[in-house]
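Asks:
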Amino acid sequence: DKYTLSNLVPRTGGAARAKYNQWCYFCLSELEQPLWTRAKHTFALPENKRVPAIKDTALWEFTQAAKVLAQQLDRTDFVLGAEFSAADILIGHTLGWAKAAKIELS
């Protein structure tokens, strides 16, 4: 915050920053988390610790969160509205991870 030279992150203390934080945290907790859970139970955990059914649940969780994101992007060009932000970068990277995992994005 002290050295922000761009408009990618809204200034602290305002409504725009609160909305920015909301979407960053949404991405990390609702989009990325089920992707990582699915990945762990696909290749990261030792085979005897993997639970195949968890992958289906994680995919469902991701799909539900992606619907919420899609509803926001149906109304605005970017998650914060008309302005591109670092939240869009974070979300875009996470959706790229989903695409690499062959999860259909609509």
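Going from the sequence shown to our numbering is simple: count from 1 and add 8. Even for Gly, the Cβ is constructed at its ideal location relative to N, Cα and C. These numbers come from a predicted model, not from an experiment.
DSSP beta-bridge partners for Phe86?
Replies: Gly89.
Asks: Which whole runs of the alpha helix (DSSP H) in the stretch 37-90 are 4 residues long or more, in chain order?
Replies: Here the runs fully enclosed are 41-47 and 60-83.
Asks: Grouping DSSP H, G and I as helix and E and B as strand, with all else coil, what is Lys107?
Replies: Helix.
Asks: What number of angstroms, rounded off, separates the C-alpha of Ala26 from the C-alpha of Asn56?
Replies: In a straight line, the C-alpha of Ala26 is about 42 angstroms away from that of Asn56.
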